[in-house]
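Asker: Numbering (this note's numbering), first residue to last: 315 to 900.
Once you've had a glance at the structure underneath, I'll fire off some questions.
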């Protein structure tokens with residue numbers, strides 16, 4: 315328990331300066347790295363014919379994002395199909411099958427990284443670099459760019475300018491993802507993660523047999539896999555294999571890489587929203603209306619609005635982590651009956667070098683921050699231990715990845731102020747803007763897309779022969795596998811209950827559709843909400859205005875999220891992990 319607490323305390327120390335740095339980038343403020351990166355950005359703008367100062371409205375921004383991603387999908391699909399050519403292919407891996415190539419390119423462009431193949435045997439080094447690693451950068455940068463535009467819409471000073479997508483894409487890549495990846499990659503190489511272009515190595519084991527060891531440009535992929543909340547591993551066993559995650563220090567590097575930027579996005583949001591609030595306070599001070607409130611320490615660090623969102627996310631995360639750690643610590647009664655000691659907890663599918671504590675933390679982090687990387691096999695988690703990652707992907711707002719978690723949580727914040735407004739008979743307001751019919755319709759639509767994709771496609775899978783053919787476990791656990799696959803796809807997470815036989819036409823196509831719709835539909839709707847709110851005039855704060863930067867609002871937000879989850883997902887969860895737990899412990 316102590317190691318979990320210390321790990322999270324160190325995270326809080328790290329995330330605050332990173333959040334401040336990300337705020338300066340998103341707000342276009344000066345940073346210490348500008349003299350270097352301004353020149354690099356200028357060369358990229360000139361080569362691409364981009365005017366970084368040309369603003370876009372939300373429609374233009376969304377179209378630019380979709381168009382750029384579509385071009386990269388087409389190029390990436392072609393490379394996967396022809397990867398058998400002899401360029402960076404020392405292991406002579408053949409071209410990828412059409413439905414698998416479709417699933418893979420959609421998976422990595424949507425930042426999901428769902429893998430229906432094993433990386434060391436399914437991809438050439440050319441594909442690993444030009445498709446997988448490249449997509450890990452641009453898909454993450456696309457998500458963060460959309461988040462920054464969304465924040466500008468909510469807290470911006472103009473009526474129709476949410477920024478320039480291409481400028482945001484470049485700045486986030488050059489000023490955040492590339493330098494952080496360089497430092498993190500070198501740290502992983504220091505810990506023993508391979509980084510080379512050699513072919514497979516045949517070694518003789520201590521038992522006198524021979525084993526094939528795959529290597530390659532692992533460290534470069536490994537760091538952006540976590541930093542960009544991507545999750546797809548160079549190897550099929552992902553971060554549970556020592557070739558990707560050899561030590562406890564490499565495990566911590568990967569944990570913090572997953573957690574830093576999503577948490578920093580919340581701080582950037584709080585500070586950008588705080589800029590607008592300070593301007594309104596100054597105007598109120600000049601008009602001598604309501605008293606100006608001084609900010610506390612946490613409000614200065616996180617921003618008042620960011621603090622309430624960060625606290626709500628932290629509560630959801632802590633509850634999930636506690637349940638997962640407790641469930642895994644109890645062991646497996648079936649193994650105890652077979653005479654196996656459960657004093658260390660349920661160690662099935664876990665690495666001894668990490669144990670229950672770090673495995674539970676990694677599991678909760680990778681599904682809360684929607685990364686999808688694993689250092690243990692989720693299919694072997696206890697029923698309640700497996701419930702936590704499944705639920706957090708269903709919520710898709712517990713920090714989340716690539717800025718998407720923040721945008722989803724703000725949707726719940728809008729829903730919360732609307733419900734509270736109905737209870738007291740006031741028009742709801744958020745960040746000084748009235749929430750009216752158009753915003754609520756768009757918010758409801760964006761929130762309902764996620765459970766609709768998960769539940770509808772899960773129903774299709776369990777009701778068709780093609781879907782049932784992939785279910786390798788009977789009963790409750792088999793349903794959990796199906797729910798997990800589509801929840802992972804819709805949340806753009808990418809982890810899986812690997813007992814599912816998913817490399818078939820049915821699973822490749824259906825999960826590909828879920829990943830695509832789960833990624834782009836919410837982003838477009840969220841940008842539309844931001845575009846609608848930014849056109850509205852700000853309303854003056856009064857004594858009856860609901861304060862959304864407080865601890866009490868964080869508690870309201872947590873309850874709204876859990877109530878929505880219970881209403882939409884509880885019946886399915888009751889037939890899956892909950893029923894399995896009652897059967898196992900009954």
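Positions of the beta carbon are idealized from the N, C-alpha and C atoms, including for glycine.
Going along the chain, which unbroken runs of the alpha helix (DSSP H) with 4 or more residues stay wholly within the region 325 to 368?
Answerer: 348 to 362
Asker: Measure the C-alpha to C-alpha separation of residue 737 and residue 867 and round it to an integer number of angstroms.
Answerer: Locating residue 737 in the chain shown gives position 423, counting from the first residue. Locating residue 867 in the chain shown gives position 553, counting from the first residue. Going by the C-alpha atoms only, they are around 14 Å apart.
Asker: What do you reckon, are the CB atoms on residue 424 and residue 829 nearer than 8 Å?
Answerer: On the chain shown, position 110 is the one that residue 424 refers to. On the chain shown, position 515 is the one that residue 829 refers to. Taking 8 Å as the Cβ cut-off, residue 424 and residue 829 qualify as a contacting pair.
Asker: Hey, residue 719 and residue 710: beta-carbon distance below 8 Å or not?
Answerer: The sequence position of residue 719 within the chain shown is 405, counting from 1. The sequence position of residue 710 within the chain shown is 396, counting from 1. Against a cut-off of 8 Å, the Cβ pair of residue 710 and residue 719 comes out as a contact.
Asker: So for residue 795, helix, strand or coil by DSSP?
Answerer: Within the chain shown, residue 795 is the residue found at index 481, counting from 1. Correct three-state label for residue 795: helix.
Asker: With a cut-off of 8 Å on the beta carbons, I'd call residue 342 and residue 717 a contact; round off their distance for me.
Answerer: Here residue 342 refers to the residue found at position 28 of the chain shown. Here residue 717 refers to the residue found at position 403 of the chain shown. Residue 342 to residue 717, Cβ: 17 Å. No contact.
Asker: Around the Cβ of residue 406, are there at least 16 other Cβ atoms within 10 angstroms (buried) or fewer (exposed)?
Answerer: Stepping through the chain shown from its first residue, residue 406 is reached at position 92. Per the 10 Å Cβ criterion, exposed.
Asker: Name the one or two DSSP bridge partners that residue 437 has.
Answerer: Position 123 of the chain shown, counted from the start, is the residue given in the question as residue 437. According to DSSP, residue 437 bridges with nothing at all.
Asker: Kindly indicate the opening and closing residues of the beta strand (DSSP E) around residue 527.
Answerer: Counting from one through the chain shown, the residue named residue 527 turns up at place 213. Element bounds for residue 527: 524 to 527.
Asker: Give the DSSP-derived three-state secondary structure of residue 539 in the structure shown.
Answerer: Against the chain shown, residue 539 aligns to sequence position 225. Note: residue 539 maps to helix in three-state DSSP.
Asker: In whole angstroms, what is the alpha-carbon distance linking residue 826 and residue 857?
Answerer: Indexing the chain shown from 1 puts residue 826 at position 512. Indexing the chain shown from 1 puts residue 857 at position 543. Cα to Cα, residue 826 sits roughly 49 Å from residue 857.
Asker: Quick check on the burial criterion: 16 or more other C-beta atoms within 10 angstroms. Buried or exposed for residue 512?
Answerer: For this step, residue 512 is matched to residue 198 along the chain shown. So residue 512 ends up on the exposed side.
Asker: Counting Cβ pairs closer than 8 Å, one from the region 801 to 819 and one from the region 681 to 689, do we hit at least three?
Answerer: yes
Asker: Going by beta-carbon coordinates alone, are residue 715 and residue 576 separated by less than 8 Å?
Answerer: Translated into the one-based positions of the chain shown, residue 715 becomes position 401. Translated into the one-based positions of the chain shown, residue 576 becomes position 262. For residue 715 and residue 576, yes; Cβs fall inside 8 Å.
Asker: With DSSP as the reference, please indicate the residues paired to residue 748 in a beta bridge.
Answerer: By one-based count along the chain shown, residue 748 stands at place 434. In the DSSP secondary-structure assignment, residue 748 is bridged to 743.
Asker: Between residue 489 and residue 347, is the Cβ-Cβ spacing less than 8 Å?
Answerer: In the chain shown, counting from the first residue as 1, residue 489 sits at position 175. In the chain shown, counting from the first residue as 1, residue 347 sits at position 33. Closer than 8 Å, so yes.
Asker: Determine the direct distance from the alpha carbon of residue 847 to that of residue 758, and round the result to whole angstroms.
Answerer: Against the chain shown, residue 758 aligns to sequence position 444. Against the chain shown, residue 847 aligns to sequence position 533. Roughly 15 Å between the two C-alpha positions.
Asker: If you draw a straight line from the C-alpha of residue 756 to the C-alpha of residue 728, how long is it?
Answerer: For the purposes of this step, residue 756 is taken as the residue at position 442 of the chain shown. For the purposes of this step, residue 728 is taken as the residue at position 414 of the chain shown. Cα-Cα distance, rounded: 11 Å.
Asker: For residue 565, which three-state DSSP category applies?
Answerer: As a working mapping, residue 565 is identified with position 251 in the chain shown. Residue state, collapsed to three classes: helix.
Asker: Determine whether the beta carbon atoms of residue 616 and residue 624 lie at a separation below 8 Å.
Answerer: The sequence position of residue 616 within the chain shown is 302, counting from 1. The sequence position of residue 624 within the chain shown is 310, counting from 1. Yes, Cβ-Cβ distance for residue 616 and residue 624 is below 8 Å.
Asker: Out of 734, 389, 658, state which residue places its alpha-carbon closest to the alpha-carbon of residue 644.
Answerer: Counting from 1 along the chain shown, the entry for residue 644 is found at position 330. That would be 658, whose Cα lies nearest to the Cα of residue 644.
Asker: Taking the Cβ atom as the reference point for each residue, do residue 793 and residue 889 lie within a distance shorter than 8 Å?
Answerer: Mapped onto the chain shown, residue 793 falls at position 479. Mapped onto the chain shown, residue 889 falls at position 575. Yes, Cβ-Cβ distance for residue 793 and residue 889 is below 8 Å.
Asker: I'd like the list of long-range same chain contacts for residue 317, defined as Cβ closer than 6 Å, with 5 residues on each side in sequence excluded.
Answerer: Taking the first residue of the chain shown as 1, we reach residue 317 at position 3. So the list reads 671, once near-sequence residues are dropped.
Asker: From which residue to which residue does the beta strand (DSSP E) around residue 785 run?
Answerer: Counted from its first residue, the chain shown places residue 785 at position 471. It is not in any beta strand (DSSP E) - residue 785 carries neither H nor E in the DSSP assignment.
Asker: Going by DSSP in three states, residue 753 sits in which element: helix, strand or coil?
Answerer: As a working note, residue 753 is residue 439 in the chain shown. In this structure, residue 753 counts as helix in the three-state DSSP scheme.
Asker: Assuming the contact rule is C-beta atoms closer than 8 Å, residue 538 and residue 491 should be a hit. Round their C-beta distance to whole Å, please.
Answerer: Looking up residue 538 in the chain shown gives position 224. Looking up residue 491 in the chain shown gives position 177. Their Cβ separation, rounded to whole angstroms, is 7 Å, which keeps residue 538 and residue 491 in contact under 8 Å.
Asker: Short check: CB of residue 569 to CB of residue 668, under 8 Å?
Answerer: Counting from one through the chain shown, the residue named residue 569 turns up at place 255. Counting from one through the chain shown, the residue named residue 668 turns up at place 354. Taking C-beta atoms as the reference points, residue 569 and residue 668 fail to come closer than 8 Å.
Asker: My understanding is that residue 450 touches residue 588, with C-beta atoms under 8 Å, so please give their C-beta distance in whole angstroms.
Answerer: Numbered from its first residue, the chain shown carries residue 450 at position 136. Numbered from its first residue, the chain shown carries residue 588 at position 274. Contact flag wrong, Cβ pair sits at about 32 Å.
Asker: Just mark residue 664 as buried or exposed, buried being the case when its beta carbon has 16 or more other beta carbons within 10 Å.
Answerer: As a working mapping, residue 664 is identified with position 350 in the chain shown. By the 10 Å Cβ count, residue 664 comes out buried.
Asker: Could you check whether the region 457 to 474 touches the region 498 to 509, counting it as contact only if at least three pairs of C-beta atoms, one from each stretch, sit closer than 8 Å?
Answerer: no
Asker: Starting from the Cα of residue 320, find the closest Cα among 886, 566, 740 and give me that residue.
Answerer: What you label residue 320 is simply residue 6 of the chain shown in a count that begins at 1. With distances taken between Cα atoms, residue 320 lies closest to 566.
Asker: Per the contact definition of three or more C-beta pairs closer than 8 Å, is the region 363 to 377 in contact with the region 390 to 406?
Answerer: no
Asker: In three-state DSSP terms, what is residue 299?
Answerer: The structure shown does not extend to residue 299, since the chain is modelled only from 315 through 900, so no value can be given for it.
Asker: Would a C-beta distance cut-off of 8 Å place residue 724 and residue 337 closer than the cut-off?
Answerer: On the chain shown, position 410 is the one that residue 724 refers to. On the chain shown, position 23 is the one that residue 337 refers to. Remark: C-beta atoms of residue 724 and residue 337 do not approach each other more closely than 8 Å.
Asker: Hey, residue 702 and residue 634 are a contact pair by Cβ (cut 8 Å); roughly how many whole angstroms apart?
Answerer: For the purposes of this step, residue 702 is identified with residue 388 of the chain shown, where counting begins at 1. For the purposes of this step, residue 634 is identified with residue 320 of the chain shown, where counting begins at 1. The Cβ separation is near 5 Å, so the contact holds.
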